[in-house]
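Numbering that gives the first Met the number 0 puts the first residue of the sequence shown at 0, with every later residue one more than the last.
All C-beta atoms, glycine included, are put in the ideal place defined by N, C-alpha and C.
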Amino acid sequence: MLSFFLYWSDDGQRVGWGQEAEVSMGQFWSLAAHLIREAYRLCKDLMFGLEPDIDLLKIKDNMTNRDKGYSLVTDPRKGLNWAYLDLFR
Numbered sequence: 000m001l002s003f004f005l006y007w008s009d010d011g012q013r014v015g016w017g018q019e020a021e022v023s024m025g026q027f028w029s030l031a032a033h034l035i036r037e038a039y040r041l042c043k044d045l046m047f048g049l050e051p052d053i054d055l056l057k058i059k060d061n062m063t064n065r066d067k068g069y070s071l072v073t074d075p076r077k078g079l080n081w082a083y084l085d086l087f088r
């Protein structure tokens, strides 16, 4: 049996969980927007404000590579093996 679940009100304007908590759709969307802003802020802090211009289409990874020392970050197919140095500037 699940101990946590979400449900919609009959009119579709409220979402709730358990038996005690319920929020309007506006509050629900505000929470989502707040979490996105907070994630962006935390990412910016972790990157020390650096916003590198990286083409995500060029990101390559070999998820089957189990070689010691292999890293998505330093995979030479991406040409980003220098990017970590920018964090130290």
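Query, Result
"Taking the runs of the beta strand (DSSP E) that are 3 residues or longer, which of them lie wholly in the segment 14-69?", "20-23"
"Among 32, 18, 27 and 4, which has the Cα closest to the Cα of residue 12?", "27"
"Measure the beta-carbon distance from residue 85 to residue 51 and round it to whole angstroms, keeping in mind my assumption that it falls under 8 angstroms.", "6 angstroms"
"So residue 5 is in the beta strand (DSSP E); what residue range does that whole segment cover?", "5-7"
"Go ahead and pull the three-state DSSP assignment for residue 10.", "coil"
"At the level of alpha carbons, what is the spacing between residue 112 and residue 45?", "In the structure displayed, the chain extends from 0 to 88; residue 112 sits before or after that span and is not available."
"When the Cα of residue 54 is compared with those of 8, 76 and 15, which residue comes out closest?", "76"
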